[in-house]
Amino acid sequence: QWQDPDTKALLQHVTLEHGRGMWRLKSVHGTTIASRESWSLLPCYNHTENSRSTWKRPSGDAIPTPRCLNDRTIHLDSQSHIGLSGFFIQASNHPPKWIRARYGANLWLFAESPGRFVVARENLRPVAVKPRDPRAKIRFADEIPDDVFWEVGGKSVRVKVTTGRGAETVWHKLHQQRIWSKKLNRNARVLSNGAPMPIMGLGTGGIMEIRNVTVRAIKHGYRLLNTGENYGNNAEIREALQESTVPREQIWLTTKVCPTNFGMDRTSKSVRGSLNSLGTSWVDLYLVHWPRCTQSEYSDCSAVAASGATWHHSWRALERAYAEGTALAIGVSNWDSALMAELLGLATVTPHAVEQLLNLAERDGGMVELCRQNEIAYTAYGSLRNLMDQYFRDALMSQDEIRVHDQAQALTREITDKRGVSFAALVLRWQIQLGMFVIPRATQDKNMVANLQVLEPGFNLTEQEMDALNGIGGYNLEKDLRYRDL
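End of the sequence shown = 1934 in this note's numbering, gap-free, step of one.
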């Protein structure tokens, strides 16, 4: 909470059901003057033009959005000290003192002496120090140069500083900095929030020796790494990123929160844990991995069941991560169109992306169309799944699935024989021409290179080939409940 030092009016944030948050402006007597729904811990952050996020009087009448005129807001970003990163909002004027508005332990930023600034814990134990610059008489922290070295734990580390007046302004500065650090080229498409996301990435789930594979993939030109909290490979990916000569800002990192961490607090803690294990202060895309938690030998859902937490709470936590700058974009994975419609109805930030199982024999038509209507990027995984696996066909498929499988297999063989291309190239190119992003797994160098060559401008499927592939009678994945619980 924040208090005006002159009027003593109190600005207070509370968390409600389903992870919803509410900012309340109270008078010195404790009377509520105005309130608005908001999951963000940044009081000045403007979500979207959404009726739920407007300020209202207790009577329900909307009031003009208050402007944050005097608050100095700062964002610190340190790759070497993840816990230091976050938004700092001015909490007092005499002397100026800033508090970190981030879900977790409070940190204070203040001038220890003219030109010398300290980030300290609540007990005033220093975490980081900005040494005095004898050339400049800096009085306020928002005058600190934006890319300088600080002393952290006895070491000199680079800390990026984004400053301005008003949390919304600083958030947009930070957001634009990260967007422009990505190289927009023909191998990337722009998400609804302006962030350029590479069309093809490396899927890392279930890959052995992932550090070595990731290092080689980056050298071959991959700029998107797709992982998840329950993949168990964050430490190896962190090592690969540290070994790579490509700057972190130029690599798109997608990860996912596991349903076993549903809940506002649990998901927020999961986000911080993933950032620490990946060795980064933000990820480029954060997804809710599954819409429900299913008890199995691999996942213990007892804590989630006992708390009553659902994906609704986790989505609010991701919206908060988006506002706090720890996620450049947010979305969901393994959703169906009914759940997506529900999410669109309650979201304050429209999802930027989804990740779904889709290939020639397993379609996801309802979600594909819904995403197109709402400008949500669609990433297909399992692109090459099972179409050439005879055991899977004979032992695990129903008669209807076998019919679709055989139709897809016959058509792809016809086109690949005629074009002289591989099965993988055909399927990936089909999905890319449909406007999708793809994340095929690959461990051999020749396959990594071959997958990237699908992006070359000289390789295009004809309209007739696209129509034929689109016309395969794929069953609707949303009705196949086996996949909902994988």
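Even for Gly, the Cβ is constructed at its ideal location relative to N, Cα and C.
In this text, all values refer to a predicted model and were calculated from it rather than measured experimentally.
Exposure label - residue i; buried when at least 16 CB within 10 Å
{"i": "methionine 1656", "result": "exposed"}
{"i": "arginine 1600", "result": "Strictly speaking, residue 1600 in this sequence is valine, with arginine absent from that position. Buried, because 16 or more other Cβ atoms sit within 10 Å of the Cβ of valine 1600."}
{"i": "isoleucine 1530", "result": "buried"}
{"i": "valine 1736", "result": "buried"}
{"i": "tyrosine 1551", "result": "Confidence at tyrosine 1551 is low in this model, with a pLDDT of 49, below 50, so the placement of that residue should be treated as unreliable; the coordinate-derived value is given next. Buried, by the Cβ-count rule."}
{"i": "leucine 1673", "result": "buried"}
{"i": "valine 1886", "result": "buried"}
{"i": "threonine 1480", "result": "exposed"}
{"i": "isoleucine 1936", "result": "The first residue shown for the chain is 1449 and the last is 1934, placing residue 1936 beyond what the model contains."}
{"i": "histidine 1800", "result": "buried"}
{"i": "glycine 1793", "result": "exposed"}
{"i": "phenylalanine 1399", "result": "Residue 1399 lies beyond the residue range present for the chain, which begins at 1449 and ends at 1934; the question has no answer from this structure."}
{"i": "glycine 1919", "result": "exposed"}
{"i": "valine 1897", "result": "exposed"}
{"i": "proline 1644", "result": "buried"}
{"i": "proline 1695", "result": "exposed"}
{"i": "asparagine 1681", "result": "buried"}
{"i": "valine 1609", "result": "buried"}
{"i": "glutamate 1767", "result": "buried"}
C-beta contact flag for residue i and residue j at 8 Å
{"i": "serine 1483", "j": "leucine 1473", "result": "yes"}
{"i": "methionine 1648", "j": "leucine 1903", "result": "yes"}
{"i": "serine 1526", "j": "valine 1605", "result": "yes"}
{"i": "serine 1831", "j": "asparagine 1807", "result": "yes"}
{"i": "threonine 1860", "j": "asparagine 1822", "result": "no"}
{"i": "valine 1575", "j": "leucine 1532", "result": "yes"}
{"i": "threonine 1662", "j": "isoleucine 1685", "result": "yes"}
{"i": "alanine 1615", "j": "tyrosine 1493", "result": "yes"}
{"i": "glutamine 1857", "j": "leucine 1835", "result": "yes"}
{"i": "isoleucine 1592", "j": "phenylalanine 1565", "result": "yes"}
{"i": "leucine 1909", "j": "arginine 1877", "result": "yes"}
{"i": "serine 1716", "j": "glutamate 1677", "result": "no"}
{"i": "leucine 1818", "j": "methionine 1788", "result": "yes"}
{"i": "asparagine 1541", "j": "isoleucine 1547", "result": "no"}
{"i": "threonine 1708", "j": "valine 1752", "result": "yes"}
{"i": "isoleucine 1778", "j": "tyrosine 1734", "result": "yes"}
{"i": "tryptophan 1619", "j": "valine 1607", "result": "no"}
{"i": "asparagine 1581", "j": "glycine 1563", "result": "Looking at the sequence provided, one finds aspartate at residue 1581 rather than asparagine. Yes, the pair counts as a contact, with Cβ atoms nearer than the cut-off."}
{"i": "serine 1725", "j": "alanine 1683", "result": "yes"}
{"i": "threonine 1827", "j": "glutamate 1810", "result": "no"}
{"i": "aspartate 1837", "j": "arginine 1664", "result": "no"}
{"i": "valine 1476", "j": "lysine 1504", "result": "no"}
{"i": "tryptophan 1763", "j": "alanine 1795", "result": "yes"}
{"i": "glutamate 1697", "j": "arginine 1626", "result": "yes"}
Unbroken beta strand (DSSP E) run spanning residue i, endpoints
{"i": "threonine 1463", "result": "1458-1463"}
{"i": "lysine 1504", "result": "Taken as a continuous stretch (DSSP letters only), lysine 1504 belongs to no beta strand (DSSP E), as it is neither H nor E."}
{"i": "glutamate 1803", "result": "1801-1805"}
{"i": "leucine 1735", "result": "1733-1736"}
{"i": "tyrosine 1746", "result": "Neither: tyrosine 1746 is in no beta strand (DSSP E) and is coded neither H nor E."}
{"i": "alanine 1828", "result": "1825-1829"}
{"i": "leucine 1701", "result": "1700-1705"}
Boundaries (first-last residue) of the alpha helix (DSSP H) holding residue i
{"i": "valine 1752", "result": "1750-1755"}
{"i": "aspartate 1713", "result": "1712-1726"}
{"i": "arginine 1877", "result": "1871-1881"}
{"i": "glutamate 1684", "result": "1682-1691"}
{"i": "glutamine 1901", "result": "1893-1901"}
{"i": "leucine 1917", "result": "1911-1918"}
One or two residues paired with residue i in a DSSP bridge
{"i": "tryptophan 1471", "result": "His1461 and Arg1484"}
{"i": "glycine 1813", "result": "For glycine 1813, which the question treats as bridged, DSSP gives no partner whatsoever."}
{"i": "aspartate 1556", "result": "Rather than aspartate, the amino acid found at residue 1556 in this sequence is tryptophan. Beta-bridge pairing links tryptophan 1556 to Ile1547 and Ala1568."}
{"i": "arginine 1851", "result": "Note: arginine 1851 sits in no beta bridge, so no partner."}
{"i": "tyrosine 1839", "result": "Tyrosine 1839 pairs with nothing; no bridge assigned."}
{"i": "histidine 1523", "result": "Phe1535 and Thr1610"}
{"i": "valine 1605", "result": "Trp1598"}
{"i": "proline 1574", "result": "Ala1568"}
{"i": "serine 1528", "result": "Paired residues: none, contrary to the question."}
{"i": "phenylalanine 1885", "result": "Thr1827"}
{"i": "alanine 1510", "result": "Lys1504"}
{"i": "serine 1846", "result": "None; serine 1846 has no bridge partner."}
{"i": "serine 1561", "result": "Arg1564"}
{"i": "serine 1540", "result": "Lys1545"}
Test: residue i CB closer than 8 Å to a CB of chain D
{"i": "alanine 1559", "result": "Here there is only one protein chain, and chain D is not present."}
Exercise for review: Run through the stretch 1755-1795 for me and flag every whole beta strand (DSSP E) of 3 or more residues, listed as ranges in chain order.
Suggested key: 1778-1781
Check your understanding: Where are the beta strand (DSSP E) runs, 3 residues long or more, that stay fully inside the stretch 1621-1680, in chain order?
Key -> 1636-1638, 1644-1646 and 1672-1674
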